[in-house]
Structures are given as structure tokens and as C-alpha cells.
Amino acid sequence: MANIDIEGILKEQPSDGRLPKTKIVCTLGPASRSVPMLEKLLRAGMNVARFNFSHGTHEYHQETLDNLNIAMQNTQILCAVMLDTKASGKEKGNWSRSSGALESLWEETSVTTTKKAYEFSYDARVEDASLLKCTIEDLNCFKGPEIRTGFLKDGKPIKLTEGQEISVTTDYSIKGDENTISMSYKKLPVDLKPGNTILCADGTITLTVLSCDPSAGAVRCRCENTAMLGERKNVNLPGIVVDLPTLTDKDKEDILDWGVPNKIDMIALSFVRKGSDLVTVRQVLGSHAKQIKLMSKVENQEGVINFDEILRETDSFMVARGDLGMEIPVEKIFLAQKMMIYKCNLAGKPVVTATQMLESMIKSPRPTRAEATDVANAVLDGTDCVMLSGESAAGAYPELAVKIMARICIEAESSLDYDAIFKHMINSAPLPMTPLESLASSAVRTANKAKAALIVVLTRGGTTAKLVAKYRPAVPILSVVVPTLTTDSFDWSVSDETPARHSLTYRGLIPLLAEGSAKATETESTDMILEAALKSAVDRKLCKPGDAVVALHRIGIASVIKICIVK
Numbered sequence: 001m002a003n004i005d006i007e008g009i010l011k012e013q014p015s016d017g018r019l020p021k022t023k024i025v026c027t028l029g030p031a032s033r034s035v036p037m038l039e040k041l042l043r044a045g046m047n048v049a050r051f052n053f054s055h056g057t058h059e060y061h062q063e064t065l066d067n068l069n070i071a072m073q074n075t076q077i078l079c080a081v082m083l084d085t086k087a088s089g090k091e092k093g094n095w096s097r098s099s100g101a102l103e104s105l106w107e108e109t110s111v112t113t114t115k116k117a118y119e120f121s122y123d124a125r126v127e128d129a130s131l132l133k134c135t136i137e138d139l140n141c142f143k144g145p146e147i148r149t150g151f152l153k154d155g156k157p158i159k160l161t162e163g164q165e166i167s168v169t170t171d172y173s174i175k176g177d178e179n180t181i182s183m184s185y186k187k188l189p190v191d192l193k194p195g196n197t198i199l200c201a202d203g204t205i206t207l208t209v210l211s212c213d214p215s216a217g218a219v220r221c222r223c224e225n226t227a228m229l230g231e232r233k234n235v236n237l238p239g240i241v242v243d244l245p246t247l248t249d250k251d252k253e254d255i256l257d258w259g260v261p262n263k264i265d266m267i268a269l270s271f272v273r274k275g276s277d278l279v280t281v282r283q284v285l286g287s288h289a290k291q292i293k294l295m296s297k298v299e300n301q302e303g304v305i306n307f308d309e310i311l312r313e314t315d316s317f318m319v320a321r322g323d324l325g326m327e328i329p330v331e332k333i334f335l336a337q338k339m340m341i342y343k344c345n346l347a348g349k350p351v352v353t354a355t356q357m358l359e360s361m362i363k364s365p366r367p368t369r370a371e372a373t374d375v376a377n378a379v380l381d382g383t384d385c386v387m388l389s390g391e392s393a394a395g396a397y398p399e400l401a402v403k404i405m406a407r408i409c410i411e412a413e414s415s416l417d418y419d420a421i422f423k424h425m426i427n428s429a430p431l432p433m434t435p436l437e438s439l440a441s442s443a444v445r446t447a448n449k450a451k452a453a454l455i456v457v458l459t460r461g462g463t464t465a466k467l468v469a470k471y472r473p474a475v476p477i478l479s480v481v482v483p484t485l486t487t488d489s490f491d492w493s494v495s496d497e498t499p500a501r502h503s504l505t506y507r508g509l510i511p512l513l514a515e516g517s518a519k520a521t522e523t524e525s526t527d528m529i530l531e532a533a534l535k536s537a538v539d540r541k542l543c544k545p546g547d548a549v550v551a552l553h554r555i556g557i558a559s560v561i562k563i564c565i566v567k
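Using UniProt numbering, the letters of the sequence shown correspond one by one to residues 1 to 567.
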């Protein structure tokens, strides 16, 4: 971190409309699905809209997405769309278009979609998953590969008492009582053995396995605490490798029947256990796999062990601390967070930190001090995005939650030692670097040395701009997506706006779609686009006349890094 003085702590943050480099993911729900509220969230700093398919029908989500598209058109602010597949049991509630009450408290899942792009920590490093000497287990992010308790007689919660014995059956048709409950995992008595632990209802109930009878499909357990158990509660099996599919039929239906037709930008996948899980999902997506990015959540021990393999296959990552926290000791969660963020940073892949970041703002207009510190520490750790769940989906103050989160991120970003971060990234980069990565890192070095106000990258697919973001410059990066000429008409035509939306999960990247003349030479068109980009940057208050700006672009087969002075 940079040097911090007393004056800096006491000085009030200027209210100049600045937005943080760290991106904000908002879960949409009853409190945030109207056009007016969506416009407020976009202006407050929402970059990614998360659609949680643990709740709601396709029609419900379609109405929300249609409202989001209207809000984007009205505000001219771009937002990515994330589809989250998980049902963790933490985001409870049954809401629909007719629900007047805000009944759901959500958790962590993501889906991103956008129709149009519009114009214009590093202190403690944990590199080895073996440091997480703990158990983790099974959860999912789509509706996904989940295990749940069954229904109960009369639909009423039952009381389990410490020390009592209870039978668990895999016959899900049985309605449970104080003596017997059902669970949805058929291989429960096969995979478990005496001494194993079963966690129910977000860990509020702990059962110890006494005996298993695979032929009868039953497990005998002892209850370790007194608690009430309701119907259809989530179940975790810490340390057990479970045999569940990567995607359920419901997940595939949500993706192919809703996500693909709506051209979503990314899918958040729960319960990713190995790299081949992502290969399986891409096979399901088929020809759409290039346009829809995959965001992985590691939520069990198998996933932690295979983290490096998963990271190689995934496009981005989510630190879903709620589910992970069910599987590892609470004192180890910060280690898991730091390790995952650190490895994502080195790989240049965006990472989202999620779960209860400003949870108290579901009901309160102010977060707790611990929550504010949690958001700031995630930024210091190197996260690209921070996420709101129940705060934005069903809370009383969705807009205020986004504004406060943005202010915390800005403050945390201002305390970072960007020279030290850059040096660490360079020293950690594998050699030899690719030519493109060498150029990207050189652009950041130039910006740091020249005290530039902005880096402008002209790109077609977004790869160059993302590599620049990997090296964490102190200034924003304007990623200008150069259009591809597809006709002989006078105007350029944009072949694909997807790269602009995908950049919305990278810290510091600000996407902009360029326009130009098809009659201009390549050099002339580059100069025109760069001039228009600088004008847009001034309008957005990213720089001002007299500032130095570093530009990275191609002319012919050559790549150019140059310093421009804003006029």
C-alpha cells in the first residue's frame, strides 16, 4: 500500500461523479427490476447485472432484462448480463411479477446480458492451495448439482435435538418427521462412512454419520445441536467427492432457452470441481461458446485441489465465500480469498468477490464497519469486481448500496502502491513474454513513468486492453473497440459488440465503440478514432486538456505506443 497520512484519512472524498476502477456486479430482483431503479443503478456504477436463476421464471427474468435494455438506452450506459445458475439455499424467497413484498434474500450467482454497447493488495500472498488445510464441499451455481433435504409431514418445520439419532433416506418421496428425513442424493450411503459430517440449512444443523446401509438407501446419524429444520434446505458434505452432474436439465434449459436467445455475456457456474466441467459446459453451448464467457465458482475440496486446472480452463472466476465458508473453517476463508484472487491476477483473468459484502444494507442505510473494511480489503487483495446480492435484489436501499460500495472502492484504490504492484506483476510474468503482453506491460510502464492521466487502447477483440489491465495501471484504460468493415458503404459497421461488454469485468477497463469512415486510409482512420476517443475521455472527465495520455494501437503490421497531449 502507498503511504497513508492523517490528512488523507480525514479528508472528505470529492463528489465529482467519479466511478471506481473496480467493477460492481448487482443482483437484480424485486427491489431493482423497474426501469427507474435500473437507471439509478447504472448511474451509480453498476457494470454487470446478475440474473439469479435460483428464483423466478423465464418470463419474469425476460421482463427484467427488457427493462434493463430500456434503462441502458435511456442512460447510454453499457451493462453486461450474467446468468447465475446456482441454488445455494442462502438466497431464499419465492418472488414473481405479482409479489409485492420483497421476500427474497439472495446470495451469489451471476448472469450477464446486454443488447447494445453505447458510444461514447497485494500485501499477503497465498500461492498454494495446500495452505488451505481444511475441508470444502458440494454446492452449485446454476440451479445446479445440489443436494437438498426433502419435504416434511404437514409442511411444518421439525425440531432436532442435540444427541438424538435420526435416519436419512434417499427415497425423496418420503415426507420427513423427527425420526426420518430424506435427502436428494442417491449415492449418500455409498459415498459417506461413519464419522463423516452432514451440514444442513447453511450449516445451522450438523449431523454425524453413525452407519450407512447402501442396500436400503439409508444413513443413520446423530444430531450435534438443537435446531429447527424446514423443507428443501441445502445440504453440504464436507470433504466428500460427490457424483453429481456439472449441469442439471434445468440449467441446460435456462441456458439454451433463455440465455442464448438473449445473447447473455457470461454464465456463473457453481460447484466447478475440475477443468473438464468447463469443457462439458462449452459443449452444451456449442457454437455460442465463443460469445458466452464462463465464470467458475470453487465451492468444495475437490475444486480447491484442482484450482489451477480450473483456472486454465475458465474465462473468469468468482470467490463465492458463502458456500466455500460452509466447507472450510471460518479462520481460513481469508486465505482462500487471497490465494484465488492472487492466482487470477497472475493469469490475467477477472475475479469477482462475492457474499454478504454489504449485507446489513438490506435493511440499514449504512453498512457495518466490518462490511466496509471487507469491501476495501477485497480491492487491496486485487479483485476486479465486487458483488451485491440481497442488498440490490431485495434490499431497502439498492441505489445507496451501489453508491457506498463505489466510494469504498475509490478510497481503497487510491491507497494502492501501483509501482510496487507493477513490479510484482512483471517479476511474476513467465518468460519469454508474448509480443502482445510485452507491449501491454510497456504501455503501463510508460503511463506510470509519464504520470499519464489515461491509457487508450485501440482494439478489435479486446485482448490487448485486457492485457494492459492485467498490469494494474494507476489510471483508467479506455478500451476503444475498433469496428470491422463489413460493407462497402461509407460508414463503418460493427461486426460484434461483445468484446466491449466482456471488458466490463476487468478492473480499470472502460469500453467505447468507435466509428469511422470506410474511405479513410488506415493511418487516417486510426488518427480519427484516437482523436474521437480523447474527446470522449475529456467529456467523461477521464482526462483534461494538457494531460498526457498513453495510446497503444496498430498501424499496418506494427504496434505503436505513444504519448499524446490532450488538446
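Heads up, the beta-carbon is just placed ideally off N, CA and C, and yes, glycines get one too.
None of these values were measured; they are calculated from a predicted model.
Using the Cβ count rule (16 or more neighbours within 10 Å means buried), how would you classify residue 398? Sequence index remark: in the sequence shown, residue 398 carries index 398 (1-based). Under this definition residue 398 is a buried residue.
Keeping to the same chain, check which residues put their C-beta closer than 6 Å to that of residue 184; ignore five residues upstream and five downstream. Position 184 of the sequence shown, counted from the start, is the residue given in the question as residue 184. Result list for residue 184: 147, 148, 172, in chain order.
Test item: CB-CB of residue 550 and residue 529 under 8 Å: Here the question's residue 550 lines up with position 550 in the sequence shown. Here the question's residue 529 lines up with position 529 in the sequence shown. Result no, Cβ atoms of residue 550 and residue 529 do not sit closer than 8 Å.
Which residues mark the beginning and the end of the beta strand (DSSP E) in which residue 53 is found? Counted from its first residue, the sequence shown places residue 53 at position 53. Counting along the chain, residue 53 falls outside any beta strand (DSSP E), and DSSP gives it neither H nor E.
May I have the straight-line CA-CA distance separating residue 394 from residue 34, to the nearest angstrom? Counting from one through the sequence shown, the residue named residue 394 turns up at place 394. Counting from one through the sequence shown, the residue named residue 34 turns up at place 34. Residue 394 and residue 34: Cα-Cα distance of roughly 12 Å.
Check whether the stretch 174-192 touches the stretch 269-287, taking contact to mean three or more Cβ pairs, one atom from each stretch, closer than 8 Å. no
Is the separation between the beta-carbon of residue 541 and that of residue 506 shorter than 8 Å? Taking the sequence shown and counting its residues from 1, one reaches residue 541 at position 541. Taking the sequence shown and counting its residues from 1, one reaches residue 506 at position 506. No, these two residues do not count as a Cβ contact at 8 Å.
Tell me the DSSP secondary structure of residue 511 in three-state form. Stepping through the sequence shown from its first residue, residue 511 is reached at position 511. Residue 511: strand per DSSP, three-state reduction.
At least three beta-carbon pairs within less than 8 Å, the stretch 225-234 to the stretch 157-176: Yes: at least three Cβ pairs fall under 8 Å.
Run of the beta strand (DSSP E) containing residue 383, from where it starts to where it stops: Here the question's residue 383 lines up with position 383 in the sequence shown. Note, residue 383: premise wrong, no beta strand (DSSP E); not H, not E.
Measuring CB to CB, does residue 83 end up less than 8 Å from residue 310? Within the sequence shown, the letter at position 83 stands for residue 83. Within the sequence shown, the letter at position 310 stands for residue 310. It is not a contact, given that the beta carbons lie outside the stated cut-off.
Taking DSSP's pairing of strands, which residues face residue 621 in a bridge? Nothing can be reported for residue 621, as the shown portion of the chain is limited to 1 through 567.
Does the stretch 209-218 come close enough to the stretch 249-259 that 3 or more CB-CB pairs lie under 8 Å? no
If you count every other CB in all the chains shown that lies within 10 Å of the CB of residue 39, and 16 or more means buried, which is it? For the purposes of this step, residue 39 is taken as the residue at position 39 of the sequence shown. Buried.
C-beta contact flag for residue 386 and residue 353 at 8 Å: Residue numbering aside, residue 386 sits at position 386 when the sequence shown is read from its first letter. Residue numbering aside, residue 353 sits at position 353 when the sequence shown is read from its first letter. Against a cut-off of 8 Å, the Cβ pair of residue 353 and residue 386 comes out as a contact.
Secondary structure of residue 33, DSSP reduced to three states: For the purposes of this step, residue 33 is identified with residue 33 of the sequence shown, where counting begins at 1. Residue 33 falls in the coil class under three-state DSSP.
What does the alpha-carbon distance come out to for the pair residue 388 and residue 357? Here residue 388 corresponds to residue number 388 of the sequence shown, with the count starting at 1. Here residue 357 corresponds to residue number 357 of the sequence shown, with the count starting at 1. Straight-line Cα distance between these residues: approximately 7 Å.
Kindly confirm or deny that the stretch 419-427 and the stretch 55-68 touch, where touching means at least three C-beta pairs closer than 8 Å. no
Proximity to residue 249 [Cα-Cα], best of 257, 243, 242: Here residue 249 refers to the residue found at position 249 when the sequence shown is read from its first residue. Among 257, 243, 242, the Cα nearest to that of residue 249 belongs to 257.
Short Cβ contact (8 Å threshold) for residue 78 with residue 501: Residue 78 sits at position 78 when you count from the first residue of the sequence shown. Residue 501 sits at position 501 when you count from the first residue of the sequence shown. Contact annotation: residue 78 and residue 501 have beta-carbon atoms nearer than 8 Å.
Just mark residue 560 as buried or exposed, buried being the case when its beta carbon has 16 or more other beta carbons within 10 Å. The sequence position of residue 560 within the sequence shown is 560, counting from 1. Burial call: exposed.
Close-in-space but distant-in-sequence residues of the same chain around residue 291 (CB under 6 Å, 5 per side omitted): Taking the sequence shown and counting its residues from 1, one reaches residue 291 at position 291. Answer for residue 291: 498, listed in chain order.
Exposure of residue 133, with buried meaning 16 or more beta-carbon neighbours within 10 Å: In the sequence shown, residue 133 corresponds to position 133, counting from 1. Because residue 133 carries a pLDDT of 37, less than 50, the predicted location of this residue cannot be relied on, and no value is offered for it.
Taking a contact to mean a Cβ-Cβ separation below 8 Å, would you say residue 20 touches residue 371 in this structure? Translated into the one-based positions of the sequence shown, residue 20 becomes position 20. Translated into the one-based positions of the sequence shown, residue 371 becomes position 371. No; because the gap between Cβ atoms is not below 8 Å, this pair is not in contact.
Quick one: what does DSSP say residue 195 is sitting in, helix, strand or coil? Counted from its first residue, the sequence shown places residue 195 at position 195. Residue 195: coil per DSSP, three-state reduction.
The alpha helix (DSSP H) enclosing residue 85, as first and last residue numbers: The residue you call residue 85 lines up with position 85 of the sequence shown. From DSSP, residue 85 is part of no alpha helix (DSSP H); its letter is neither H nor E.
Would the beta-carbon of residue 71 fall within 8 Å of that of residue 47? Translated into the one-based positions of the sequence shown, residue 71 becomes position 71. Translated into the one-based positions of the sequence shown, residue 47 becomes position 47. Against a cut-off of 8 Å, the Cβ pair of residue 47 and residue 71 comes out as no contact.
Since residue 449 is in the alpha helix (DSSP H), which residue starts that stretch and which ends it? As a working note, residue 449 is residue 449 in the sequence shown. It spans 435-450 - the alpha helix (DSSP H) in which residue 449 sits, taken as one unbroken run.
Output the distance between the C-alpha atoms of residue 152 and residue 259, rounded to the nearest integer angstrom. Taking the sequence shown and counting its residues from 1, one reaches residue 152 at position 152. Taking the sequence shown and counting its residues from 1, one reaches residue 259 at position 259. So the alpha carbons of these two residues sit roughly 34 Å apart.
Give me the Cα-Cα distance between residue 570 and residue 232, rounded to the nearest whole angstrom. With the chain represented from 1 up to 567, any question about residue 570 goes unanswered, as that position is not in the structure.
Nearest to residue 194 by CA position, among 208, 200, 202, 417, is which residue? Here residue 194 refers to the residue found at position 194 when the sequence shown is read from its first residue. For residue 194, the nearest C-alpha among the options comes from 208.
What is the rounded straight-line gap between the Cα of residue 304 and the Cα of residue 355? In the sequence shown, the residue the question calls residue 304 occupies position 304. In the sequence shown, the residue the question calls residue 355 occupies position 355. The alpha-carbon atoms of residue 304 and residue 355 are separated by roughly 18 Å.
Within its chain, find whatever has a CB closer than 8 Å to the CB of residue 565; leave out the 5 residues flanking it on each side and keep chain order. Working through the sequence shown from its first residue, we reach residue 565 at position 565. These residues qualify, in order along the chain: 546, 547, 548, 549.
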